[in-house]
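The next block holds one structure in the form of structure tokens; read it before the comments.
Protein chains: 2
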Amino acid sequence: MPRRSYDQYCAIARTLDTVGDRWSLLIVRELLAGPLRYTDLFTDLPGISTDVLASRLRDLERDGVVSRRRLPPPGTGSAYELTERGGALLPVLGALAVWGGPSLGASAPTDAVRAHWFALPLLARLAPLAGDERGVMDVTLPDGTFHLRLGDAPPGTPVCGRGPSPTGSDASLTLDTATCLSLADGTLTATDALTAGTLTVTGEGPLAESLRKHATTATAVRN
Amino acid sequence: MPRRSYDQYCAIARTLDTVGDRWSLLIVRELLAGPLRYTDLFTDLPGISTDVLASRLRDLERDGVVSRRRLPPPGTGSAYELTERGGALLPVLGALAVWGGPSLGASAPTDAVRAHWFALPLLARLAPLAGDERGVMDVTLPDGTFHLRLGDAPPGTPVCGRGPSPTGSDASLTLDTATCLSLADGTLTATDALTAGTLTVTGEGPLAESLRKHATTATAVRN
DNA sequence: CGGCATCCGTGACGATACTG
DNA sequence: CAGTATCGTCACGGATGCCG
């Protein structure tokens, strides 16, 4: 909560009091992909300044959105991670990602790019296709790889992460940049991308089967 | 979009470029309840300053979130209303309202209060109970009345509004402040409130029936 | 009177430098 | 590595003025 509150007895205004400050929700976006140290957070938030990052982390920790944890002996320093309440911001970021998809357009030359920034938009679009299946999915784009966790998971488990899943994956997706953009802005459904072959799913488990099933049933219905 | 962009090729960052400025989403919150003139907007946004309101309205209009319309002869001046794209921010505000419910707590003495600020939290909680029924519902709290539109509606139709529905309603809800708060923070489901009788539904149409049905089936299942 | 524009003080932000 | 210190700039909040 910033020094300046809206002072309105309104759930929306209260949320904005807590995470409405500049950079706050982008810090949450980064931490949804797992705990990070200060410096790593700094490098994945191009444009933030060191004092603002430190100030936001302090505010978010005080408000119970973020917690700070000493790293075990192999590592040095400490890491920041989302609390359960912080992780509950996922629907907020999902809604923001869905709304912003159509206005994403082409990347400006000045834009920073990180592959895992597509994780939340894709998660919002792919979640309906997973059915009740749970599992981890590696997603490979030309610019890099990240992983998504579909279905319910124990509280505190990151819903996505940078790079391939360190614990192995139940399915692997491969898609090109254009397909990823069309999925993100809603002009292409995952089902259509599967049918067209610009999105491929590999893997043997029930999660991979469930994803593929949607393409085949959609094709069958269409014929 | 503020003068300072995040310059990140990320759907979330792009959304925040457009509506992440202070007061922007609260302006959208107000306009979701229907078109308003500058002065009315000003009085329902306690704490905003005149120049900031004017500046935000200019930015939102330029970005296609808000449009300005001359009022027909009976009225004077002009009114601001959401574009279709602006109305698509409803899921964002719904998610913000759901997250902020638990932290709403008691109202501080300095808090401004408006009855219709509970419209979006209640809409997010009641929408699942309406099933596929569509219609308008008047909601009466001790502090005032507002109305909600359930189900799909033509683009541009406000999803809620101040006071009772001017076009008549398909159902009427009455609840006290404590029940409203419990619904907003998620500690009480609408089904339980119906069963307990602290939330009453009157009306004869299918929407009212659908709402009441949820309470009786839940009771039946529980026995 | 509605709809802003202007002025001004304060504080937030951004960039860089520096320290434990 | 993980911030704090410093400083210039700009956005915000409050008040007032202008103009149809």
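Protein chains in written order, with numbering that gives the first Met the number 0: chain H, 0 to 222; chain P, 0 to 222. Every residue, glycine too, gets a C-beta built ideally from N, C-alpha and C.
Status (buried if at least 16 other CB within 10 Å, exposed otherwise) for residue i
| i | result |
| --- | --- |
| residue 48 of chain H | exposed |
| residue 3 of chain P | exposed |
| residue 55 of chain P | buried |
| residue 222 of chain P | With a pLDDT of only 42 at residue 222 of chain P, under 50, the local geometry of the prediction cannot be trusted, and the value read off the model is given with reservation. That one is exposed. |
| residue 157 of chain H | buried |
| residue 220 of chain P | Here residue 220 of chain P scores only 48 on pLDDT, less than 50, and its place in the model should not be relied on; the value that follows carries that caveat. Counting Cβ neighbours within 10 Å, residue 220 of chain P comes out exposed, since fewer than 16 surround it. |
| residue 119 of chain H | buried |
| residue 113 of chain H | buried |
| residue 70 of chain H | exposed |
| residue 28 of chain P | buried |
| residue 107 of chain H | exposed |
| residue 223 of chain P | Examination of residue 223 of chain P is not possible in this model, given that chain P is present from 0 through 222 alone. |
| residue 213 of chain H | buried |
| residue 151 of chain H | exposed |
| residue 50 of chain P | exposed |
| residue 10 of chain P | buried |
| residue 104 of chain P | exposed |
| residue 131 of chain H | exposed |
| residue 138 of chain H | buried |
| residue 196 of chain H | exposed |
| residue 142 of chain P | exposed |
| residue 155 of chain H | exposed |
| residue 100 of chain P | buried |
| residue 250 of chain H | Given a span of 0 to 222 for chain H in the structure shown, any question on residue 250 of chain H remains unanswerable. |
Under 7 Å from the C-beta of residue i: neighbouring residues of chain H
| i | result |
| --- | --- |
| residue 159 of chain P | Going along chain H, no residue has its Cβ under 7 Å from residue 159 of chain P, so there is no contact; the nearest lies around 13 Å. |
| residue 109 of chain P | 6 |
Simplified DSSP assignment, three categories, for residue i
| i | result |
| --- | --- |
| residue 170 of chain P | strand |
| residue 9 of chain H | coil |
| residue 65 of chain H | strand |
| residue 220 of chain P | Low per-residue confidence applies at residue 220 of chain P: pLDDT is 48, beneath 50, and the placement is therefore not dependable, though the value from the model is reported in the following sentence. Looking at residue 220 of chain P - three-state DSSP - the assignment turns out to be helix. |
| residue 211 of chain P | helix |
| residue 38 of chain H | helix |
| residue 124 of chain P | helix |
| residue 27 of chain H | helix |
| residue 148 of chain H | strand |
| residue 187 of chain H | coil |
| residue 140 of chain H | strand |
| residue 194 of chain H | helix |
| residue 161 of chain P | strand |
| residue 156 of chain P | coil |
Listed by chain order, chain P residues near residue i by CB distance under 9 Å
| i | result |
| --- | --- |
| residue 120 of chain H | 9, 10 and 11 |
| residue 224 of chain H | For chain H, the structure presents residues 0 to 222; residue 224 of chain H sits outside this window and is missing. |
| residue 112 of chain H | 7, 8 and 9 |
| residue 106 of chain H | 8 |
| residue 61 of chain H | Within chain P, no residue comes near residue 61 of chain H; the closest Cβ sits about 13 Å away, beyond 9 Å. |
| residue 55 of chain H | Chain P residues near residue 55 of chain H: none, gap ~14 Å exceeds 9 Å. |
9 Å Cβ cut-off: residues of chain H touching residue i
| i | result |
| --- | --- |
| residue 33 of chain P | Here the premise fails: no neighbours, minimum Cβ distance about 17 Å. |
| residue 45 of chain P | 5, 6 and 7 |
Proximal chain P residues relative to residue i, where beta-carbon distance stays under 7 Å
| i | result |
| --- | --- |
| residue 14 of chain H | 95, 98 and 99 |
| residue 28 of chain H | 11 |
Nonlocal neighbours in the same chain, by C-beta distance under 6 Å from residue i, ignoring five residues either side
| i | result |
| --- | --- |
| residue 18 of chain P | 24 |
| residue 86 of chain H | none |
| residue 7 of chain P | none |
| residue 97 of chain P | 123 |
| residue 34 of chain H | 78 and 80 |
Neighbourhood of residue i by C-beta, 7 Å cutoff - its chain only, sequence neighbours within 5 removed
| i | result |
| --- | --- |
| residue 228 of chain H | Here chain H has residues from 0 to 222 only, and residue 228 of chain H is not among them. |
| residue 124 of chain H | 182 and 189 |
| residue 13 of chain P | none |
| residue 67 of chain H | 60, 77 and 79 |
| residue 164 of chain P | 135, 137 and 146 |
Contacts that residue i makes with chain H (C-beta to C-beta distance below 8 Å)
| i | result |
| --- | --- |
| residue 87 of chain P | 98 |
| residue 183 of chain P | 10 |
| residue 68 of chain P | Those within 8 Å of residue 68 of chain P in chain H number zero; the least Cβ separation is about 23 Å. |
Own chain partners of residue i with C-beta closer than 8 Å, once the 5 adjacent residues on each side are dropped
| i | result |
| --- | --- |
| residue 198 of chain P | 172, 173, 174, 178, 182, 189 and 192 |
| residue 187 of chain H | 178 and 181 |
| residue 52 of chain H | 22, 26, 37, 40, 41 and 44 |
| residue 111 of chain P | 45 and 46 |
Partners in chain P for residue i, counting only beta-carbon separations shorter than 8 Å
| i | result |
| --- | --- |
| residue 90 of chain H | 94, 97 and 98 |
| residue 254 of chain H | Here chain H has residues from 0 to 222 only, and residue 254 of chain H is not among them. |
Residue i beta carbon near the ligand SAH (any heavy atom closer than 7 Å)
| i | result |
| --- | --- |
| residue 142 of chain H | For the structure depicted, the ligand SAH is absent and the ligand set is empty, with no information on it obtainable. |
List in chain order: all unbroken beta strand (DSSP E) runs of 3+ residues lying wholly within the stretch 75-117 of chain H.
77-81
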